[in-house]
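Heads up, the thing below is written out as C-alpha cells.
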Amino acid sequence: MSEIILSGRGVTKRFRGLTAIESVDFEIPVGAIYGLIGPNGAGKSTLFNLITGYYDPSAGEISFRGKSLAGVPTFRRNQLGIARAFQISKPFPALTVRENVAVGAMFGSPDRTDVEHVTTEALRIAGIEDLADRTAEGLTVGALRKLEIARAIATRPKLLLADEPCAGLNPTETAEMVSCLRNIRGHGVTVWLVEHDMKAVTSICDRIIVIDAGRKIAEGTPQQVVSDPKVIAAYLGTPVAEETAPGPG
Amino acid sequence: MNRFLAAFAGLAAVAVIALLPLWLGPFYTRVIQFFFFSAALAIAWNILGGFAGYWSFGHTAFIGIGAFAAAHFVMQFGAFGTGPVSMVLPVLVAALVCAVFAALLAYPVLRLRGIYFAIVMLGVAQVVSELVNNVNWFQGGVGVYLPSPVPSGMAPEDFYYYVFAALLLVTFLLSVAIRRTRFAYGLLAIREDEDTAMMLGVPTERFKIAAFVLSSVLVGVLGAVYAYSVGYFTTYTVFRLDFSLNMIVFCLIGGIGTLFGPIVGTAVMLFLTQVLLSRFLDIHLLITGLIVVTITLVAPGGILGILRRRPRRAKLAAEPEAERSA
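Those protein sequences? They're chains F and U, same order as listed.
All residue numbers for the first sequence refer to the working numbering, where the first residue is 25 and numbers rise by one.
All residue numbers for the second sequence refer to the working numbering, where the first residue is 3 and numbers rise by one.
Shown next, in the form of C-alpha cells:
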C-alpha cells in the first residue's frame with residue numbers, strides 16, 4: 025500500500041445529544057481519488073468540517089501526513105495543504121474571479137512568490153480564464169463551482185476535499201468537472217469528494233467510503249460498493265416483504 | 003504615460019492646496035481644514051469598516067482617547083520643545099495609548115460579527131466617554147488644555163490647515179499602500195466571507211486585530227491633533243456620536259471599501275452641509291438626512307459605485323469583439 029496522506033481513527037462528533045459522526049476510521053492514500061457517499065444527513069459534510077477544523081472532533085484523531093491535526097487552527101490546516109471546495113459555493117461576491125482565486129494563492133501556501141502565475145494556472149485548470157475579470161456576483165452555478173475548485177487549488181493543496189462539486193450541474197458541466205478533477209489529480213493532488221451523482225462518482229473514484237447515520241458502513245471499489253447489500257439498504261431501505269402495514273381499509 | 007499624468011496631477015493638487023489659504027478667508031480655510039480632518043478620519047475608518055467589513059459605530063472613542071492621552075501627557079511631563087515640534091511627542095504618545103487600548107479591546111470585541119460588533123463599539127465609545135467624564139483623574143468634566151503649537155506670526159487656521167492636509171495625505175497614501183498588499187486581500191476576503199477566508203488560509207484573527215489597531219491609531223493621532231486645534235476641550239468636545247456617524251456616512255456616500263470613496267463622500271457631504279446649506283440652518287439637518295437617504299437608496303455603492311458602473315458595462319460589451327479577433 026502506498027503512503028497515507030490523511031487518516032482518521034475513531035473520529036466522533038457529537039452535537040449535544042446527537043451523534044453526527046460515530047467512530048469513523050479512514051485512510052486516504054497519496055494520489056488517490058476517493059469518494060464519500062451516503063444518504064442525506066449521513067454526516068458527510070460534518071466529516072469534512074472535522075478535517076478542515078471547522079469543528080473539533082469529540083473523540084478520535086485525524087492525522088495529515090502522519091501528524092495529528094488536533095488543535096491546529098483552520099487557516100493553518102489550509103497552509104499545511106488541506107483545501108476545501110464547498111457544497112454551497114461561497115465566493116467573495118464583490119471581488120473579481122481573479123481576485124477570488126488570488127486570495128487562495130496568497131494565503132494557502134507558505135510559498136508566496138508567483139501569486140500571479142499560480143492564480144492564472146488555477147483559473148486555467150478550472151477552465152474559467154475567460155471569466156477572470158468579472159465579479160463573482162452573478163456567475164452561473166457551473167461557473168461558481170469551477171471558481172470553488174480554482175480557489176481551492178490555488179492554495180496549492182496536497183489534499184482537496186470537494187463537497188459535491190457536481191451538484192446542480194448539467195451533464196456537460198458534470199463531465200467537465202470530472203475531467204477537471206482528474207486533471208487536478210494529475211498534478212499530484214489527492215482528491216476526496218462527496219458526490220451524489222453516482223455516474224460521476226463511479227467513473228472517477230478509485231475507492232469509495234460509504235457512511236450512513238454517522239457510521240462507516242462500507243468501503244471498496246465503486247463496483248464493490250454499489251453491489252454491497254448494506255449500501256443498497258442504506259439508500260433504498262431493507263425489503264419489508266411480508267411484514268407490510270395493514271392494507272387499506 | 004499614465005503614471006506621469008498622475009504624478010503631474012498630484013503635484014498640481016499639492017500646489018493648489020498649499021496656496022489656497024492665501025486667498026480663502028479664515029472661514030473657508032476652517033471649512034477645508036475640517037474637510038481634511040473628516041476625510042482622514044473616514045479613510046482610517048474605511049481600513050476596518052471598508053476593507054475588513056467591520057463597521058465600528060464608536061470610532062469617536064479613539065478621537066477622545068487620543069485627545070486626552072496627549073493632554074495628560076503634557077500635563078504630567080510638560081511640553082517637549084516649542085512651536086510645532088512640541089506636538090510630536092504627545093501625538094506619538096496618543097498613538098501608542100490608542101494602539102494599546104485597541105489591542106486589548108480587539109480580542110473580545112472582534113469575536114462579534116456584523117451588527118453585534120457595530121453595537122458593541124457604540125457601547126465602548128459611550129463607556130469610555132462616561133469614564134473620562136466622571137472619573138476625576140481624567141478631568142473630562144472640567145476640561146483639559148493643550149498649549150498652542152502654532153508658530154508666532156501664523157494664523158491658527160492656516161497652521162492647522164497645513165497640518166491636517168499633511169495628515170490626510172499620509173493617511174491616504176497609507177491606505178493606498180495597504181490596498182496593494184496581501185494584508186488588504188485578506189481583509190477583503192474577511193469582509194466577503196470570513197469562514198471561507200479562514201479555510202483559504204487567511205489568519206483572520208490576526209488580520210482583524212491588525213486592521214482594528216491600525217484604524218484606531220490613525221483616528222487617535224487625528225484626535226490628538228484635533229485636540230490641539232481646539233486648545234481647551236471637555237469630554238463632549240471629542241467623544242461625539244456625530245464624529246462616529248460621519249465617518250460611516252462619508253464612506254457610505256463616497257463608496258465603502260474604495261480608496262477615493264471616503265474623500266469624495268466627505269467632500270460632497272461637507273460641501274452640501276457646510277457651504278450650500280449654511281444659509282438654511284433651520285432645515286439643514288432635514289435636508290442632510292434626505293440626501294443621505296436618497297444616495298443610499300439610489301446608489302448603494304456610493305458615488306464611486308455609480309461612476310464605476312458605466313465604464314464596466316461599456317467594457318463588457320466590447321469584450322466579445324476582442325475575443326473573436328484574438
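Think of the CB as a built atom: it goes at the ideal place given N, C-alpha and C, for glycine as much as any other residue.
query: In the DSSP assignment, what residue or residues form a beta bridge with residue 86 of chain F?
result: Counted from its first residue, the first sequence places residue 86 of chain F at position 62. Residue 86 of chain F pairs with F/32.
Query raised in the report: Any beta-carbon of chain F closer than 7 Å to the one on residue 204 of chain U?
Result: By one-based count along the second sequence, residue 204 of chain U stands at place 202. Closer than 7 Å: yes.
Margin query: Is it the case that the region 203–213 of chain U contacts the region 39–48 of chain U, given that we only count it when at least three CB pairs across the two stretches are under 8 Å?
Written below: The count of Cβ pairs closer than 8 Å, one atom from the region 39–48 of chain U and one from the region 203–213 of chain U, stays below three, leaving the stretches out of contact.
Suppose contacts are defined by Cβ-Cβ distances below 7 Å. Is residue 39 of chain U in contact with residue 166 of chain U by that definition? Within the second sequence, numbered from 1, the residue matching residue 39 of chain U stands at position 37. Within the second sequence, numbered from 1, the residue matching residue 166 of chain U stands at position 164. With contacts defined as CB atoms closer than 7 Å, residue 39 of chain U and residue 166 of chain U qualify as a contacting pair.
Margin query: Looking at the secondary structure, which residues open and close the alpha helix (DSSP H) in which residue 1 of chain U lies?
Written below: Outside the modelled stretch of chain U, which goes from 3 to 328, sits residue 1 of chain U, for which no answer is possible.
Count the other CB atoms within 10 Å of the CB of residue 8 of chain U; is the residue buried (16 or more) or exposed (fewer)?
To locate residue 8 of chain U, count along the second sequence from 1; it is residue 6. Exposed, because fewer than 16 other Cβ atoms sit within 10 Å of the Cβ of residue 8 of chain U.
* Asked: Near residue 35 of chain U, which residues of its chain fall below 7 Å by C-beta distance, leaving aside the five closest residues on each side in sequence?
  -> Indexing the second sequence from 1 puts residue 35 of chain U at position 33. Answer for residue 35 of chain U: 159, 162, 163 and 166, listed in chain order.
In whole angstroms, what is the alpha-carbon distance linking residue 297 of chain U and residue 280 of chain U? Mapped onto the second sequence, residue 297 of chain U falls at position 295. Mapped onto the second sequence, residue 280 of chain U falls at position 278. Rounded to the nearest angstrom, the two C-alpha atoms are 20 Å apart.
| request: Give the straight-line distance between the Cα atoms of residue 150 of chain F and residue 238 of chain F, rounded to the nearest whole angstrom. | output: As a position in the first sequence, residue 150 of chain F is number 126, starting the count at 1. As a position in the first sequence, residue 238 of chain F is number 214, starting the count at 1. The alpha-carbon separation between residue 150 of chain F and residue 238 of chain F amounts to approximately 32 Å.
Can you confirm whether residue 73 of chain F, when its beta carbon is compared against all beta carbons of chain U, has any partner nearer than 7 Å? For the purposes of this step, residue 73 of chain F is taken as the residue at position 49 of the first sequence. So no, residue 73 of chain F is outside the interface.
inquiry  = Quick check on residue 169 of chain F - is its C-beta less than 7 Å from some C-beta in chain U?
reply    = As a first step, residue 169 of chain F is located in the first sequence; it is residue number 145 there, counting from the start. Under the Cβ distance rule, residue 169 of chain F does not count among the residues neighbouring chain U, no pair being separated by less than 7 Å.
Q: For residue 200 of chain U, go through chain F and note every residue whose CB falls closer than 7 Å to its CB, in chain order.
A: Stepping through the second sequence from its first residue, residue 200 of chain U is reached at position 198. Within 7 Å Cβ-Cβ: 98 and 99.
*asked:* Measuring only the C-alpha atoms, how far is residue 121 of chain F from residue 303 of chain U?
replied: Translated into the one-based positions of the first sequence, residue 121 of chain F becomes position 97. Translated into the one-based positions of the second sequence, residue 303 of chain U becomes position 301. Rounded to the nearest angstrom, the two C-alpha atoms are 19 Å apart.
Exercise for review: Decide if the region 86–97 of chain U is in contact with the region 271–278 of chain U; the criterion is three or more beta carbon pairs, one per stretch, under 8 Å apart.
Suggested key: no
Open item on the list: Between the region 177–196 of chain F and the region 210–220 of chain F, can you find at least three pairs of beta-carbon atoms closer than 8 Å?
Closed with: yes
Measuring CA to CA, which of U/252, U/253 and U/238 is closest to residue 129 of chain U?
In the second sequence, residue 129 of chain U corresponds to position 127, counting from 1. Checking every option, the nearest Cα to that of residue 129 of chain U belongs to U/238.
Q. Is the region 60–70 of chain F close to the region 230–244 of chain F, with three or more CB pairs under 8 Å?
A. These segments touch.
Q.
Let me check you understand the geometry: is the CB of residue 193 of chain U closer than 6 Å to at least one non-hydrogen atom of the ligand COA?
A. Absent from the structure shown: the ligand COA. Ligands present: none.
For the putative contact between residue 154 of chain U and residue 233 of chain U, defined by C-beta atoms under 8 Å, what is the C-beta separation to the nearest angstrom?
As a working mapping, residue 154 of chain U is identified with position 152 in the second sequence. As a working mapping, residue 233 of chain U is identified with position 231 in the second sequence. Actually they do not touch by this definition, with Cβ atoms about 16 Å apart.
> Taking C-beta to C-beta, are residue 267 of chain U and residue 259 of chain U nearer than 7 Å?
Replying inline: By one-based count along the second sequence, residue 267 of chain U stands at place 265. By one-based count along the second sequence, residue 259 of chain U stands at place 257. Note that the C-beta distance between residue 267 of chain U and residue 259 of chain U is not below 7 Å.
Problem - Secondary structure of residue 314 of chain U, DSSP reduced to three states - result: By 1-based counting over the second sequence, the position of residue 314 of chain U is 312. Its pLDDT being 48, under 50, residue 314 of chain U is placed unreliably in this model, and the value from its coordinates should be taken loosely. In the structure shown, residue 314 of chain U sits in a helix (DSSP, three-state: H, G or I).
- Message: If you measure between the beta carbons of residue 72 of chain F and residue 187 of chain F, is that distance less than 7 Å?
- Response: In the first sequence, the residue the question calls residue 72 of chain F occupies position 48. In the first sequence, the residue the question calls residue 187 of chain F occupies position 163. Closer than 7 Å, so yes.
| Does the distance from the C-beta atom of residue 68 of chain F to that of residue 225 of chain F stay below 7 Å? | Counting from one through the first sequence, the residue named residue 68 of chain F turns up at place 44. Counting from one through the first sequence, the residue named residue 225 of chain F turns up at place 201. Not closer than 7 Å, so no.
* Per DSSP, residue 246 of chain F forms a beta bridge with which residues? -> The residue given as residue 246 of chain F occupies position 222 in the first sequence. Residue 246 of chain F pairs with nothing; no bridge assigned.
**Request:** Could you tell me whether the Cβ atoms of residue 75 of chain F and residue 209 of chain F are closer together than 7 Å?
**Result:** For the purposes of this step, residue 75 of chain F is taken as residue 51 along the first sequence, with counting starting at 1. For the purposes of this step, residue 209 of chain F is taken as residue 185 along the first sequence, with counting starting at 1. Contact annotation: residue 75 of chain F and residue 209 of chain F have beta-carbon atoms that are not nearer than 7 Å.
* To do: Closer than 6 Å by C-beta to residue 180 of chain U: which residues in its own chain qualify, once you throw out the five before and the five after it? Chain order, please.
  => In the second sequence, residue 180 of chain U corresponds to position 178, counting from 1. Here the set comprises 186.
In the DSSP output, what is residue 106 of chain F paired with across the bridge?
Here residue 106 of chain F refers to the residue found at position 82 when the first sequence is read from its first residue. F/183.
From this set, F/105, F/124 and F/84, which residue's C-alpha is nearest residue 144 of chain F's C-alpha?
Position 120 of the first sequence, counting from 1, holds the residue named residue 144 of chain F. Of the listed residues, the one whose Cα sits closest to residue 144 of chain F is F/124.
Q.
I need the straight-line Cα distance from residue 135 of chain U to residue 45 of chain F, nearest angstrom please.
A. Mapped onto the second sequence, residue 135 of chain U falls at position 133. Mapped onto the first sequence, residue 45 of chain F falls at position 21. One C-alpha to the other measures close to 55 Å.
Whose C-beta lies closer than 7 Å to the C-beta of residue 152 of chain U among residues of the same chain, with five residues either side of it excluded?
-> Position 150 of the second sequence holds residue 152 of chain U. Once the five neighbours on either side are set aside, the close Cβ partners of residue 152 of chain U are 158 and 161.
Is it buried or exposed for residue 314 of chain U, if we count other Cβ within 10 angstroms and need 16 for buried? One-based indexing of the second sequence puts residue 314 of chain U at position 312. Its pLDDT being 48, under 50, residue 314 of chain U is placed unreliably by the model, and the measurement read from it follows with that caveat. Residue 314 of chain U is exposed by the Cβ-count criterion.
### Message
Excluding the 5 residues flanking residue 147 of chain U on each side, which residues of the same chain have their C-beta closer than 6 Å to its C-beta?
### Response
Along the second sequence, one-based indexing puts residue 147 of chain U at 145. Taken in chain order, the residues that qualify are 234.
request  = Taking only the alpha-carbon atoms, compute the straight-line gap between residue 103 of chain U and residue 78 of chain U and give it to the nearest angstrom.
outcome  = Translated into the one-based positions of the second sequence, residue 103 of chain U becomes position 101. Translated into the one-based positions of the second sequence, residue 78 of chain U becomes position 76. Distance between the alpha carbons of residue 103 of chain U and residue 78 of chain U: 20 Å.
Worksheet item: Between residue 56 of chain U and chain F, is there a C-beta pair that is closer than 7 Å?
Response: Residue numbering aside, residue 56 of chain U sits at position 54 when the second sequence is read from its first letter. Chain F contact via Cβ: absent.
For residue 117 of chain U, count the other beta carbons within 10 Å of its own beta carbon; 16 or more makes it buried, fewer makes it exposed. Which is it? Along the second sequence, read from residue 1 onward, the residue named residue 117 of chain U stands at position 115. Classification for residue 117 of chain U: exposed.
Taking 7 Å as the cut-off, decide whether the C-beta atoms of residue 52 of chain U and residue 100 of chain U are in contact.
-> Residue 52 of chain U sits at position 50 when you count from the first residue of the second sequence. Residue 100 of chain U sits at position 98 when you count from the first residue of the second sequence. For residue 52 of chain U and residue 100 of chain U, no; Cβs fall outside 7 Å.
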